[in-house]
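Chemist:
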Amino acid sequence: METLAIEISKILNISFEKAIELLPVIRSQFIKYSIINSISWPINVIFILTSIFLFVVSLVFLGNKDYKNKSYGWSSTDENLSINSREILPTLVKAVIALGVLTMILSVSRYILAPDFMMLKQFILK
Numbered sequence: 663m664e665t666l667a668i669e670i671s672k673i674l675n676i677s678f679e680k681a682i683e684l685l686p687v688i689r690s691q692f693i694k695y696s697i698i699n700s701i702s703w704p705i706n707v708i709f710i711l712t713s714i715f716l717f718v719v720s721l722v723f724l725g726n727k728d729y730k731n732k733s734y735g736w737s738s739t740d741e742n743l744s745i746n747s748r749e750i751l752p753t754l755v756k757a758v759i760a761l762g763v764l765t766m767i768l769s770v771s772r773y774i775l776a777p778d779f780m781m782l783k784q785f786i787l788k
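This is the structure we're talking about:
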């Protein structure tokens with residue numbers, strides 16, 4: 663713990679005593695940052711997979727629409743596929759929008775909930 667305080671005092675050009683006072687604040691912000699990171703990674707993966715699934719369902723829906731417009735006729739399986747894609751499409755759009763907003767909120771909340779830790783992280787990465 664002492665070595666961390668020494669490094670913080672060197673990075674921020676503050677006294678050792680002031681660095682010791684900052685340690686609990688930085689520790690709590692690090693915990694918040696870690697929790698947000700552990701939550702945001704799976705949400706980002708789900709967001710990407712849902713976006714890909716939305717793209718595929720949209721292609722199926724548009725393909726069925728073009729297929730129905732041609733004079734080939736269509737079987738009952740094509741009708742079920744069209745109905746299912748028509749029901750799934752709005753739900754997927756809502757899910758992609760919600761996950762996108764959630765991803766942006768989590769990205770911004772890192773900086774809002776852990777500003778000192780993010781500042782130290784930027785200094786260390788330089």
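Positions 663 to 788 (the numbering used here) are the ones given, in order, by the sequence shown. Quick reminder that beta carbons are idealized off the backbone N, C-alpha and C, glycines included. Here the structure is a predicted model, which means the values were calculated and not measured.
Can you grab the Cα-Cα spacing for the pair MET781 / THR665, in whole Å?
Modeler: Stepping through the sequence shown from its first residue, residue 781 is reached at position 119. Stepping through the sequence shown from its first residue, residue 665 is reached at position 3. Near 19 Å, if we compare the C-alpha coordinates of THR665 and MET781.
Chemist: Leaving out the 5 sequence neighbours to the left and right, which residues in its chain are closer than 8 Å to ILE708 when beta-carbon positions are compared?
Modeler: The sequence position of residue 708 within the sequence shown is 46, counting from 1. LEU761.
Chemist: Going by alpha carbons, who is nearest to ARG772 out of VAL763, ILE668 and ILE698?
Modeler: Sequence index remark: in the sequence shown, residue 772 carries index 110 (1-based). The shortest Cα separation from ARG772 among VAL763, ILE668 and ILE698 belongs to ILE698.
Chemist: Give the DSSP-derived three-state secondary structure of MET663 in the structure shown.
Modeler: The count along the sequence shown starts at 1 and reaches residue 663 at position 1. If DSSP states are grouped into helix, strand and coil, MET663 belongs with coil.
Chemist: Among TRP703, ILE767 and PRO777, whose alpha-carbon lies nearest the alpha-carbon of ILE688?
Modeler: Translated into positions along the sequence shown, residue 688 becomes position 26. Ranking TRP703, ILE767 and PRO777 by Cα distance to ILE688 puts PRO777 first.
Chemist: Please state whether DSSP places SER690 in a helix, a strand or coil.
Modeler: For this step, residue 690 is matched to residue 28 along the sequence shown. Here SER690 sits in helix by DSSP.
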